[in-house]
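Protein chains in written order, with this note's numbering: chain L, 1 to 155; chain P, 1001 to 1155. Every residue, glycine too, gets a C-beta built ideally from N, C-alpha and C.
Protein chains: 2
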Amino acid sequence: MILSRTSQYAIQALIFIATRPSGEPVLNREIASYLGVPSAYLAKIMQNLCKGNLLYSYRGRLGGFCLREGAEKTGLMQILMMTEGPSFTQDCVLGLKVCSDATACPMHAKWLPIKQKIVAILNDQTLEKLARAVQSGKYRLTDLPSTLLAASSRT
Amino acid sequence: MILSRTSQYAIQALIFIATRPSGEPVLNREIASYLGVPSAYLAKIMQNLCKGNLLYSYRGRLGGFCLREGAEKTGLMQILMMTEGPSFTQDCVLGLKVCSDATACPMHAKWLPIKQKIVAILNDQTLEKLARAVQSGKYRLTDLPSTLLAASSRT
DNA sequence: CCAATTTCGGATAAAATCCTCCGAAACAAC
DNA sequence: GTTGTTTCGGAGGATTTTATCCGAAATTGG
């Protein structure tokens, strides 16, 4: 509905890393297989997040990725700026090139508060918080195995 | 940020038709040139909206498209169901196949209220309301001509 | 140094979305 | 009926997004 696959993978991967002991590099292969996403593609995304100064990357035997110091405080909005670009918040709902308070599309007035709410929540949700939510066991980062999935839909 | 081009074109076109005297067919060509969107592509979209029982279409000399009776009461959500499909509201923000109150992604609890708000607003905004907003002159359906655009950015 | 492992970077493929073209069918005016 | 206009329907092209592949560079351990 809102996020590209690229963004979803990026967020999932970062939360996953945040659930792991900080400082210990996590392999791309491990992340991809845990999340069930294509590892070659995820590798590209990870590379990008490195360039965005969110991750450290180490090559070779004890290589992998880990969060930079302080990166657990990163809000989702910041991540989306890298993966979706600034147009994510700037673009008009109806696709007008220019749509501001001064000259707006007919949805503008109703949409603006919603957009602000979205941005606020995405800013508020940090990797740290989300990782904790996962660690608590109350929330999942990956799909249920298909066996369980079939079972739960039967209940 | 949220809507495909197809959806944006569909909404724009429908609002445009709603601003015109009801019952008088509007040419696809006219809609496309007014909105500044590719007319062959818009034609496909219009065709789809016909199949969704939102529009009547007439071929030949006095042909064109016009809203079905009562279609002015259609909310944007209903239109998006045709153009984006039901997954538009159903999909998980983080991309999980299954994400419900029972078993959820770490964003679920925060996201759900937002999603509901979005759906509510999209349901509330009908073609009629949006057409009136445009007719009032307070809101625009198309981009400003580039000459004016340059001028406004200079102020 | 050598072998194994991992990320890096570029090229390329596959799929989805966006967009175009064209002949056919329907319709109005003459 | 003929001509001109418009939508219909299917085929196909272009672009963007998603995904794969592979050789090179970096790193560790023997």
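Item to check | First through last residue of the beta strand (DSSP E) which encompasses TYR58 (chain L) | outcome: 55–58
Next on the checklist: Let me make sure I understand the geometry here. Which of P:LEU1144, P:GLN1078, P:CYS1099 and P:GLY1085 has the alpha-carbon closest to that of ALA1174 (chain P)?
Outcome noted: Residue 1174 (chain P) lies beyond the residue range present for chain P, which begins at 1001 and ends at 1155; the question has no answer from this structure.
Checklist entry - Can you tell me the Cα-Cα spacing of TYR1139 (chain P) and THR103 (chain L), whole angstroms? => result 7 angstroms
Checklist entry - Using 7 angstroms as the limit for Cβ to Cβ distance, is ALA43 (chain L) near chain P? => result no
Checklist entry - Can you tell me whether DSSP reads THR126 (chain L) as helix, strand or coil? => result strand
Checklist entry - Straight-line CA distance for ALA10 (chain L) to ILE31 (chain L)? => result 11 angstroms
Item to check | Interface partners of TYR139 (chain L) on chain P, CB under 9 angstroms | outcome: THR1103, ALA1104, CYS1105, PRO1106, MET1107, HIS1108 and ALA1109
Checklist entry - If the cut is a Cβ gap below 8 angstroms, which residues of chain P does VAL119 (chain L) touch? => result Residues of chain P passing the Cβ test: none, with the nearest at roughly 10 angstroms.
Item to check | Close beta carbons around TYR34 (chain L), own chain, < 7 angstroms, minus the five adjacent residues each side | outcome: PHE16 and THR142
Checklist entry - So is GLY36 (chain L) buried or exposed if we call it buried at 16+ other beta carbons inside 10 Å? => result exposed
Next on the checklist: Among the candidates L:LEU96, L:TYR58 and L:PRO38, whose CA atom is the shortest distance from the CA of LEU1003 (chain P)?
Outcome noted: L:LEU96
Next on the checklist: Just to check my reading of the structure: THR1006 (chain P) and ILE1045 (chain P) have Cβ atoms closer than 8 angstroms, yes? What is that Cβ distance to the nearest angstrom?
Outcome noted: The C-beta distance from THR1006 (chain P) to ILE1045 (chain P) rounds to 6 angstroms, short enough to fall under 8 angstroms.
Item to check | Beta-carbon gap between SER57 (chain L) and CYS50 (chain L) smaller than 7 angstroms | outcome: yes
Item to check | chain L residues whose Cβ lies nearer than 8 angstroms to that of THR1089 (chain P) | outcome: MET1
Next on the checklist: For CYS1066 (chain P), report the span of its beta strand (DSSP E) as first-last.
Outcome noted: 1064–1067
Checklist entry - Across which residues does DSSP place ALA104 (chain L) in a beta bridge pair? => result P:TYR1139
Next on the checklist: Looking only at its chain, what residues have a beta carbon closer than 8 angstroms to the beta carbon of ARG132 (chain L), apart from the 5 residues adjacent to it on each side?
Outcome noted: none
Item to check | Reference GLY52 (chain L), options L:LEU62, L:THR83, L:ALA43 and L:TYR41, closest by Cα | outcome: L:THR83
Checklist entry - Going by C-alpha distance, which of P:GLY1060, P:GLY1064 and P:LEU1055 is nearest ARG1029 (chain P)? => result P:GLY1064
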